[in-house]
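What follows is one structure encoded as structure tokens, with my remarks underneath.
2 protein chains.
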Amino acid sequence: MAYHLLQRDQRGAERLAHALSHALETIRHCEKCNSFTEVEVCDLCLSPKRDAHVLCVVETPADMMMMEQAHCYRGMYFVLMGRLSPLDGIGPREIHLDRLVRRATDGIVQEVILATNFTVEGEATAHYISELLTPRGIKVTRIARGLPVGGELEHVDSGTLAQAVLERRNVA
Amino acid sequence: MAYHLLQRDQRGAERLAHALSHALETIRHCEKCNSFTEVEVCDLCLSPKRDAHVLCVVETPADMMMMEQAHCYRGMYFVLMGRLSPLDGIGPREIHLDRLVRRATDGIVQEVILATNFTVEGEATAHYISELLTPRGIKVTRIARGLPVGGELEHVDSGTLAQAVLERRNVA
Ligand SMILES: [Zn+2]
Ligand SMILES: [Zn+2]
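Order-wise, the sequence lines are chains F and U. Position 160 (the first sequence) corresponds to 160 in the UniProt record's numbering; numbering is contiguous. Position 58 (the second sequence) corresponds to 58 in the UniProt record's numbering; numbering is contiguous.
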């Protein structure tokens, strides 16, 4: 891309370089949710319309965006900016779990929803966080595994069907 | 297929015709699970290794096979041989819901797991059955909706993510 810009659009390349260096100077992590922001605390964390009693933990800002697009959640977020991955040298310190614990024990948060991915690393991260938070008296929940909306038994893999049976819900 | 057989393999066509008419004469519905069988009560329903306290309701014999292949379930089945579909004239009588109620209220079954598909018709069928069984004191459960095993937030549709949040589970 850089090569293309330099050859075809030198003015554009200058503007892009300027925007990038500006971003690198001003982008920081929100004090509350740890996502990217240009201010100390981001708009979402400051919004009085959000439910401050629920904190949803996601791996990336993209996952936070997916949650917002699903219009299913009105609480707060904590963005790990990664996941536990011992083989890559990413431990609890690298994903700021100390900051998550401080955030979740502010006395206002009552429930932490673990919305990390259902990959091996996402599951390990969720497990590690629940071990940190449950002894501190915080209700910890995990988003559900199962069949997709509109899904048919014939079209899901065995592992997912097995989880859907294992995690079956009471019908009121 | 019939045309091909008649032209190329007349002996094969005769054998197939014989097998089919034999099947039509001998195949019947199992007295207990309503699936196809050649005897009064099928092998699975007679097996002492299955847990008679749990009854799983599926739409088709194929769905029952999916459940068996997932190795997640050791109870009994009831196969609806369809689903409620008012527009196609398929009501409670056509899918033998009276027989399901009799089967579920045998005094041994304690839980009925609704494993109909998460399609509109499968959901309506599950709802209708739960309305029939819960007043009769039977615990009714529904297989879970949510993210697939191995699934990532970025790769599921909004509806499924919303359900996964709505149906989140307590972490022990
Ligand atoms: Zn924030
Ligand atoms: Zn049977």
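Note that beta-carbon positions come from the ideal geometry of N, C-alpha and C, so glycine has one too.
| Asked | Found |
| --- | --- |
| So within the UniProt domain "Toprim" (53-148) of chain F, which uninterrupted alpha helix (DSSP H) runs reach at least 4 residues, ignoring any that extend past its ends? | 61-69, 97-104 and 120-133 |
| Helix, strand or coil for Arg168(U)? Go by DSSP, reduced to three states. | coil |
| What residue does the alpha helix (DSSP H) around Arg15(U) start on, and which one ends it? | Gln10 to Thr26 |
| Between Thr125(F) and chain U, is the shortest Cβ-Cβ distance under 9 Å, so that the two count as touching? | no |
| Using only CA atoms, which one of Cys72(F), Val39(F) and Gly146(F) lies nearest to Ser158(F)? | Gly146(F) |
| Indicate the three-state DSSP secondary structure (helix, strand or coil) for Asp51(F) in the structure shown. | strand |
| Going along the region 143-158 of chain F in order, which residues come within less than 8 Å of chain U, judged by CB to CB distance? | Ile143, Ala144, Arg145, Gly146, Leu147, Pro148, Val149, Gly150, Gly151, Glu152, Leu153, Glu154, Val156, Asp157 and Ser158 |
| Nearest to His71(F) by alpha carbon, out of Cys33(U), Val165(U), Val39(U) and Val171(U)? | Val165(U) |
| Count the other CB atoms within 10 Å of the CB of Ile27(F); is the residue buried (16 or more) or exposed (fewer)? | exposed |
| Should Leu80(U) be listed as close to ligand 2, given that the test is whether its C-beta is under 8 Å from any heavy atom? | no |
| Strictly below 8 Å CB to CB, what residues from chain B border Phe118(F)? | Among the chains of the structure shown, chain B does not appear; the protein chains present are F and U. |
| Taking only beta carbons into account, state which residues of the region 62-77 of chain F come closer than 8 Å to chain U, listed in chain order. | Ala62, Asp63, Met66, Met67, Gln69, Ala70, His71, Cys72 and Tyr73 |
| Per DSSP, which residues does His29(F) bridge with? Please list them. | Phe36(F) |
| Using a strict less-than 5 Å threshold between each residue's beta carbon and the heavy atoms of ligand 2, what residues do you get? | Cys30(U), Lys32(U), Cys33(U), Cys42(U) and Cys45(U) |
| So does Tyr73(F) have its beta carbon nearer than 8 Å to some heavy atom of ligand 1? | no |
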